[in-house]
Every structure is written in C-alpha cells, then in structure tokens.
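Asker: Here it is: the structure, laid out below.
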Amino acid sequence: MLTTQEAAKLKRELDQEDSTIAVMFSALGDRSRFRIFKLLMDHTDLCVTDIAMVLGITVPAASQQLKLLEGSGLIEPEREGQMICYRIRALDPVVRTVMRTVAQLASG
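According to our numbering, the residues represented by the sequence shown are -16 to 91, in order.
In structure tokens, the structure reads:
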C-alpha cells in the first residue's frame, strides 16, 4: 500500500504528464491544426506561406494555427531570413509518441 507521500508524488507526476498530453491533443483536435501537424510530419521545415498555400488558407490564419501548435509544445519556429518556418519538436519523447499515434491512425 502507498504512503501518503508516495501517493502525492505519483499524483503530481500524473497531473504534469496529463496536462502536457492533454494540451497537445487539444491542439490537434482542430482539423486545420491537425492537417498542419500531419503536413509537418511529412515535410519538415515548411514556412508559414507554404503551409497557407498548401491548405488554401490565408497567411494570417495559418500563422494563428501555427502559434497554437507552438504553444502546445508540438512544433517550434525557426527564422530563415524574413520567413518563419516551423518543424515538429521530434526530439521531445512525448511529441514522438504523438507522431507515432498520428501515423498509426492515419495509415489504418
């Protein structure tokens, strides 16, 4: 049986993990953001204008969706001259798990 301290420690760890994962999946719950994430899984380092063109949305709309994905911890920006490009944070183990899950769901 767990002590009160052990239970409290496990609860804190679980709360922290749940919060991170919930934020990521919440971000992917929007169709546009899911499509952007999938696009970045297949094509690394796409700029805002590229994403807008592929999805047929405005650059401000793409930028807004990208900011939400960035805030969730799924992607990160990189400035290339005057352009801002994005890539998936593939070194993050939680993001890698999300990528595997998305790939499995998309393929089957």
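Every residue gets a Cβ at the ideal spot worked out from N, C-alpha and C, and that includes glycine.
1) Quick one: Cα of A45 to Cα of T84, how far?
2) Are L22 and V6 close, meaning C-beta to C-beta below 8 Å?
3) Evaluate A35 with the Cβ neighbour count: other Cβ atoms within 10 Å of its Cβ, from every protein chain shown; 16 or more gives buried, anything less gives exposed.
4) Could you check what DSSP says for M(-16) in three-state terms: helix, strand or coil?
5) Starting from the C-beta of A73, find all residues in its chain whose C-beta is less than 8 Å away, skip the five residues before and the five after it, and write them out in chain order.
6) Please identify the residue among C30, L52, K(-6), Q(-1) whose C-alpha is closest to the C-alpha of F20.
Answerer: With the given structure in hand:
1) Cα to Cα, A45 sits roughly 24 Å from T84.
2) Not closer than 8 Å, so no.
3) So A35 counts as buried.
4) For M(-16), the secondary structure class from DSSP, reduced to helix, strand or coil, is coil.
5) Around A73: R79, M82.
6) Sorting C30, L52, K(-6), Q(-1) by C-alpha distance to the C-alpha of F20 places L52 at the top.
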